[in-house]
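Enquirer:
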Amino acid sequence: MNTIWALAKIVVLEMIRRKDFYVLFILTVLLTGMAGSVNLFNDHSIVRYLKEICLLLIWVASLVIAITCTARQIPMEREQRTIFPLLAKPVTRAQFLLGKFLGCWVATGLALLVFYLFFGVVSASREQHWPVLNYLQAGFLHWLMLGIVIAATLLGSIVFAAPSSNGTICFVCVAGILLLGRHLNKVALGLAEPLQSLLYGIYFVIPHLELFDVRDLITHNWDLIPGGVMALAILYAATYTAFLLTAAWLVFRRRPLN
Amino acid sequence: MNPAPALLAALAFATALATGGRLLVWQAERVPDTGSVFDLLLGESRRAFAMHAFIKADAYFHSGFYPSVFDLAQVADRNKTHLEESIKSAGNEHHDHDAKPAPARDWLEAFGNHFHPSQHRHLERFGDEREILPWLRLAAELDPQRVETYTVAAFWLRDRLNKVNDAEQFLREGLRANPQSYEILYELGRLYAENDRDVPRARAVLELAIERWLKQEARKADPDKQGYGQILAQLADLEERAGNLDRALAHFARLKQVSPAPETVQKRIDELLARQGRPR
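Residue numbers (the working numbering), protein chains in the order written: chain A, 18 to 275; chain B, 780 to 1059.
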């Protein structure tokens, strides 16, 4: 565990040193500020549109950070040839992968913390109440979703040659699932066999990242998600993350390093 | 020396100049259309975005509980948004949609329903109607020719949020973009009649609305009788309250011809006649 944590710490430190997060955070602040400065019928208590815009920016920024950061981890180690001394030490490939995963996940978690803190401030500046538990729940679900995305990107960085192609493919897949994942079953029911079964099969197999997207609940001040459902969501995310990490390890352990 | 490449280059240059000039003329003719940034950036597609913003306002009105395009594809055609229907039913939750979500098709969908709004809930129950306004404002910016945006926003501003001045300003903005709209004139007339109690102004605006309606709708095979009826009813009420019973009677008589419930209108006519002491 110490080895994995040591590797993860390096990734987190690297993320802190890089400018990606700062640029995206400043952009989020600026765009939210611009949206908030619009005069809407002289009513300064209108807040939901601002919450929606801010949350959308947070989602986009977090996905950019998670995918770009993860996609370059293994190719960079290969390019700089630091992977050889690293794996020459008593570090197994599984530990290497887990270290990279944990580092990226913790780093995006820290970024999310700052983003959601900003969201809370924006929301509190206009609303009379501050539902901290709801925000924590939304942030936690968001973080779980990023865990699946990071594991998938890690697998992609072993399968695909360049970080750019891996990043693009991951972005397309994640956006596709977030936008269409929930509706695949409805589309499938309108198709003839065997396409119906095929699409329904895909619907059950893909990781439903949109499950973790509770922006609408936060924007429109809905109640907390029950604890039992949350536990199932954690189990769902953990299963997919573990599956993708295992797949990454299976591919990586047979892959030549150079 | 082979002159072909030089000739080809000259031909390409001449074509580029001619096409460029034509494009500049075309652009100069088009850009001042509305003068808005959206028009310049999005062209005609801004109308589709405006529709999306209007639907977004409707989704906000239902606290995010709204059918997706995939859900809508499976139900019968619906031309009006819930927001418009809700205005017609004076904000009561009687407009046509299911109070409960459709049953889940599979366990994954049932599980997923916990993570997004899945119960019917109107904003007005919580006094948060103002939250729909940003999207209506955006819809108006994107497509100033969309009349419903102005009438719907004005209704909420005037009737529920008590922002009469803002409603009037927005309706006037809509009227500048749609000078022939009898719908906007009707809303403006209502505002003067119900909120400002400015009878002469309300009468002038509502009579102008009737004039516009007759000009645009009267000759149509399927005219907007409901719109005409609303203007006449408003005008008749206004005259009745102002004590001009003869004028009110004249408007009620016209209303009876287009009303889906002529017997109710006749009752009002009878009441007025009784007040005047005239035989029925």
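Every residue gets a Cβ at the ideal spot worked out from N, C-alpha and C, and that includes glycine.
At the 8 Å Cβ level, is A:His225 part of the contact set with chain B, yes or no?
Expert: Here the question's residue 225 of chain A lines up with position 208 in the first sequence. It does: the Cβ of A:His225 has a partner Cβ on chain B nearer than 8 Å.
Enquirer: Grab the span of the alpha helix (DSSP H) containing A:Met93 for me, first residue to last.
Expert: By 1-based counting over the first sequence, the position of residue 93 of chain A is 76. Arg65 to Glu96 is the extent of the alpha helix (DSSP H) around A:Met93.
Enquirer: Is the separation between the beta-carbon of B:Phe894 and that of A:Lys203 shorter than 8 Å?
Expert: Locating residue 894 of chain B in the second sequence gives position 115, counting from the first residue. Locating residue 203 of chain A in the first sequence gives position 186, counting from the first residue. No. Outside cutoff.
Enquirer: Mind listing the chain A neighbours of B:Gly843? Cutoff is C-beta to C-beta under 7 Å, in chain order.
Expert: In the second sequence, the residue the question calls residue 843 of chain B occupies position 64. The contacting residues are Asp233, Thr236 and His237.
Enquirer: Output yes if chain A places a C-beta closer than 8 Å to the C-beta of B:Pro1002; else output no.
Expert: Within the second sequence, numbered from 1, the residue matching residue 1002 of chain B stands at position 223. Not one chain A Cβ lies under 8 Å of B:Pro1002.
Enquirer: Can you find at least 3 beta carbon pairs, one from the stretch 956-970 of chain B and one from the stretch 1008-1018 of chain B, that sit closer than 8 Å?
Expert: Judged by Cβ distances under 8 Å, the stretch 956-970 of chain B makes contact with the stretch 1008-1018 of chain B, as three or more pairs qualify.
Enquirer: Run down chain A in chain order and give the residues with a C-beta less than 9 Å from the C-beta of B:Asp945.
Expert: For the purposes of this step, residue 945 of chain B is taken as the residue at position 166 of the second sequence. Those are Phe58, Asn59 and Asp60, listed as they occur along chain A.
Enquirer: Measure from the C-beta of B:Tyr839 to each C-beta in chain A and report whether the shortest distance is under 8 Å.
Expert: The residue labelled residue 839 of chain B in the question sits at position 60 within the second sequence. Cβ-Cβ to chain A under 8 Å: yes for B:Tyr839.
Enquirer: Using a Cβ-Cβ cutoff of less than 7 Å, which residues in the same chain neighbour A:Tyr220 once the five nearest sequence positions on both sides are dropped?
Expert: Translated into positions along the first sequence, residue 220 of chain A becomes position 203. Cβ within range, chain order: Leu201, Asn202 and Ala205.
Enquirer: For B:Arg1054 and B:Phe1031, what's the separation of their Cα atoms in angstroms?
Expert: Numbered from its first residue, the second sequence carries residue 1054 of chain B at position 275. Numbered from its first residue, the second sequence carries residue 1031 of chain B at position 252. Between B:Arg1054 and B:Phe1031, the C-alpha separation is close to 15 Å.
Enquirer: Which same chain residues end up closer than 6 Å to A:Val176 when comparing Cβ atoms and leaving out the 5 residues on each side of it in sequence?
Expert: On the first sequence, residue 176 of chain A is found 159 positions in, with the first residue counted as 1. Same-chain partners within the cutoff: there are none.
Enquirer: So which residues of chain A does B:Arg916 contact, with C-beta pairs closer than 9 Å?
Expert: In the second sequence, the residue the question calls residue 916 of chain B occupies position 137. The contacting residues are Val55, Leu57 and Phe58.
Enquirer: In whole angstroms, give me the CA-to-CA distance for A:Glu94 and A:Ile70.
Expert: Sequence index remark: in the first sequence, residue 94 of chain A carries index 77 (1-based). Sequence index remark: in the first sequence, residue 70 of chain A carries index 53 (1-based). So the two alpha carbons sit approximately 37 Å from each other.
Enquirer: A:Leu261 by DSSP, collapsed to three states: which one?
Expert: Locating residue 261 of chain A in the first sequence gives position 244, counting from the first residue. Note: A:Leu261 maps to helix in three-state DSSP.
Enquirer: Flag this pair as yes or no: are the beta carbons of A:Leu234 and B:Pro896 separated by less than 8 Å?
Expert: Here residue 234 of chain A is taken as the residue at index 217 of the first sequence, counted from 1. Here residue 896 of chain B is taken as the residue at index 117 of the second sequence, counted from 1. Going by C-beta atoms, A:Leu234 is nearer than 8 Å to B:Pro896.
Enquirer: Quick check: is any heavy atom of the ligand ZN less than 7 Å from the C-beta of B:Glu927?
Expert: With respect to the ligand ZN, the structure shown offers nothing to examine, as it has no ligands at all.
Enquirer: State yes or no: is the C-beta of A:Leu171 within less than 8 Å of the C-beta of A:Gly198?
Expert: As a working note, residue 171 of chain A is residue 154 in the first sequence. As a working note, residue 198 of chain A is residue 181 in the first sequence. No, the Cβ-Cβ distance between A:Leu171 and A:Gly198 is not below 8 Å.
Enquirer: Put A:Phe101 into one of helix, strand or coil per three-state DSSP.
Expert: Taking the first residue of the first sequence as 1, we reach residue 101 of chain A at position 84. Of the three classes helix, strand and coil, the one that applies to A:Phe101 here is helix, per DSSP.
Enquirer: Buried or exposed for B:Pro1039, going by 16 or more other Cβ atoms inside 10 Å?
Expert: Here the question's residue 1039 of chain B lines up with position 260 in the second sequence. Answer is exposed; the Cβ neighbour count stays below 16.
Enquirer: Step through the CB atoms of chain B and report whether any lies within less than 8 Å of the CB of A:His200.
Expert: Within the first sequence, the letter at position 183 stands for residue 200 of chain A. Output row for A:His200: interface = yes.
Enquirer: So, is A:Ser174 buried or exposed, given that buried needs 16 or more other C-beta atoms within 10 angstroms?
Expert: Taking the first residue of the first sequence as position 1, residue 174 of chain A is located at position 157. Per the 10 Å Cβ criterion, buried.
Enquirer: What residues of chain A sit near B:Leu912, judged by a beta carbon separation below 9 Å?
Expert: The count along the second sequence starts at 1 and reaches residue 912 of chain B at position 133. Within 9 Å Cβ-Cβ: Leu57, Phe58, Asp60, Ile63 and Tyr66.
Enquirer: Could you work out which residues of chain A lie near B:Leu815, taking near to mean beta carbons separated by less than 7 Å?
Expert: Stepping through the second sequence from its first residue, residue 815 of chain B is reached at position 36. The displayed chain sequence assigns Ser, not Leu, to residue 815 of chain B. Within chain A, no residue comes near B:Ser815; the closest Cβ sits about 15 Å away, beyond 7 Å.
Enquirer: B:Glu888 touches chain A at which residues, Cβ-Cβ below 7 Å?
Expert: Stepping through the second sequence from its first residue, residue 888 of chain B is reached at position 109. Neighbours of B:Glu888 on chain A, chain order: Asn202.
Enquirer: With B:Met830 as the anchor, note down where its alpha helix (DSSP H) starts and where it stops.
Expert: Within the second sequence, numbered from 1, the residue matching residue 830 of chain B stands at position 51. It spans Arg825 to Phe840 - the alpha helix (DSSP H) in which B:Met830 sits, taken as one unbroken run.
Enquirer: Kindly indicate the opening and closing residues of the alpha helix (DSSP H) around A:Asp233.
Expert: Mapped onto the first sequence, residue 233 of chain A falls at position 216. Per DSSP, A:Asp233 belongs to the alpha helix (DSSP H) from Arg232 to Thr236.
Enquirer: Taking just the CA atoms, how far does B:Glu1019 sit from B:Ala1027?
Expert: By one-based count along the second sequence, residue 1027 of chain B stands at place 248. By one-based count along the second sequence, residue 1019 of chain B stands at place 240. The straight-line gap from Cα to Cα measures roughly 5 Å.
Enquirer: Any beta-carbon of chain A closer than 8 Å to the one on B:Phe1031?
Expert: Taking the first residue of the second sequence as position 1, residue 1031 of chain B is located at position 252. No, B:Phe1031 does not count as interfacial toward chain A.
Enquirer: How would you list, in chain order, the residues of chain B whose beta-carbon sits under 8 Å from the beta-carbon of A:Leu249?
Expert: Your numbering for residue 249 of chain A matches position 232 in the first sequence. Going along chain B in sequence order, the residues near A:Leu249 (Cβ under 8 Å) are Phe890.
Enquirer: Mind checking if B:Lys942 is an interface residue toward chain A, Cβ cutoff 8 Å exclusive?
Expert: Working through the second sequence from its first residue, we reach residue 942 of chain B at position 163. Interface residue, yes.
Enquirer: How would you call A:Lys189, buried or exposed, if buried means at least 16 neighbouring beta carbons within 10 angstroms?
Expert: Your numbering for residue 189 of chain A matches position 172 in the first sequence. The sequence as given places Val at residue 189 of chain A; Lys does not occur at that position. The residue is exposed, with fewer than 16 neighbouring Cβ atoms inside 10 Å.
Enquirer: Who are the neighbours of B:Pro896 on chain A, taking C-beta pairs under 7 Å?
Expert: As a first step, residue 896 of chain B is located in the second sequence; it is residue number 117 there, counting from the start. What B:Pro896 touches in chain A: Asp233, Leu234, His237 and Trp239.
Enquirer: Please confirm if B:Ser847 has its CB atom under 8 Å from at least one CB of chain A.
Expert: In the second sequence, residue 847 of chain B corresponds to position 68, counting from 1. Chain A, which has a Cβ nearer than 8 Å to the Cβ of B:Ser847, makes this yes.
Enquirer: In chain A, which residues lie less than 8 Å from B:His893 when you measure between Cβ atoms?
Expert: For the purposes of this step, residue 893 of chain B is taken as the residue at position 114 of the second sequence. Per Cβ cutoff of 8 Å: Ile242, Pro243 and Val246.
Enquirer: Out of B:Ser815, B:Ser824 and B:Leu936, which one is the CA nearest neighbour of A:Asp60?
Expert: In the first sequence, the residue the question calls residue 60 of chain A occupies position 43. It is B:Leu936.
Enquirer: A:Ile6 and A:Ala111 look like a contact to me (Cβ under 8 Å); what is the Cβ gap, rounded to whole Å?
Expert: Residue 6 of chain A falls outside the range modelled here, since chain A spans only 18 to 275, and no answer is possible.
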